[in-house]
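Chemist: Input: one structure, supplied below.
Residue numbers (the working numbering): 3 to 197.
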């Protein structure tokens with residue numbers, strides 16, 4: 003069952019990818035300025051509230067941006083086909099904001115409020131959470147394991163693995179996946195009501 007809204011004719015996934023790439027190139031020129039102006043720091047969120055949105059366009063190196071953009075493309079394409087362009091965009095950006103809020107609260111309570119958060123992972127995990135609920139048994143191949151597996155396994159195992167990598171914000175990932183799962187639950191219930 004598809005919930006497509008009328009699109010603009012321009013694929014929003016390509017626009018998001020392009021903006022991320024442009025900001026990444028700017029980061030290569032002067033990463034300190036980009037991190038300071040657009041990264042999310044819990045201690046400074048009251049002075050720079052826009053960073054709750056902008057942090058998801060900033061990446062810390064090639065091996066940070068490539069997996070995020072690769073996953074955004076595939077999860078985004080799947081999610082957009084399932085729920086439509088508008089719901090895809092809302093899920094992606096709301097998931098990124100929710101990931102930022104989880105990072106904010108956990109770092110203020112338990113961590114270092116001066117750590118700077120960057121990356122699209124919270125937003126990407128929101129798409130994963132949506133797909134986890136809507137199509138948990140879809141078969142996918144997840145890097146680096148070349149064996150098809152259920153989507154739910156790929157998302158949850160991926161979440162657990164990256165959560166133990168030093169310097170990775172499990173808080174942002176968790177916030178994104180929770181938001182995405184809630185959206186997926188809403189659309190899943192709509193599917194059942196239509197049958």
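We treat Cβ as the ideally placed atom computed from N, Cα and C, and that holds for glycine.
Where does residue 137 fall in DSSP's three states?
Modeler: Looking at residue 137 - three-state DSSP - the assignment turns out to be coil, as it is neither helix nor strand.
Chemist: Going by C-alpha to C-alpha distance, which of 170, 34 and 49 sits closest to residue 113?
Modeler: Ranking the options by Cα distance to residue 113, first place goes to 170.
Chemist: Hey, how far is the Cα of residue 191 from the Cα of residue 59?
Modeler: If you take the alpha carbons of residue 191 and residue 59, they lie about 32 Å apart.
Chemist: How many angstroms separate the CA atom of residue 148 from the CA atom of residue 46?
Modeler: Distance between the alpha carbons of residue 148 and residue 46 is about 42 Å.
Chemist: Consult DSSP for residue 167 and reduce its assignment to one of helix, strand or coil.
Modeler: Coil, per DSSP.
Chemist: Express the C-alpha separation of residue 162 and residue 181 in angstroms, rounding to a whole number.
Modeler: Cα to Cα, residue 181 sits roughly 17 Å from residue 162.
Chemist: Following the continuous alpha helix (DSSP H) through residue 16, name the residue where it begins and the one where it ends.
Modeler: Looking at the DSSP string, the run of the alpha helix (DSSP H) that includes residue 16 is 14–31.
Chemist: Using CA coordinates, which residue listed in 92, 27 and 105 is at the minimum distance from residue 53?
Modeler: Of the candidates 92, 27 and 105, the one whose C-alpha sits nearest the C-alpha of residue 53 is 105.
Chemist: For a test of the three-state rule: what should DSSP assign to residue 118, helix, strand or coil?
Modeler: In the structure shown, residue 118 sits in a strand (DSSP, three-state: E or B).
Chemist: I want to know whether the region 15–25 touches the region 69–81 - three or more CB-CB distances under 8 Å.
Modeler: Contact holds: three or more Cβ-Cβ distances are below 8 Å.
Chemist: Is residue 126 closer than 7 Å to residue 41 when the C-beta atoms are compared?
Modeler: For residue 41 and residue 126, no; Cβs fall outside 7 Å.
Chemist: Does the region 151–168 touch the region 127–135, meaning 3 or more C-beta pairs lie closer than 8 Å?
Modeler: In short, these stretches touch, since the Cβ pair count reaches three.
Chemist: So residue 100 is in the alpha helix (DSSP H); what residue range does that whole segment cover?
Modeler: Where residue 100 is concerned, the enclosing alpha helix (DSSP H) stretches over 87–111.
Chemist: What did DSSP end up calling residue 143 once you bin it into helix, strand or coil?
Modeler: Coil at residue 143, not helix or strand.
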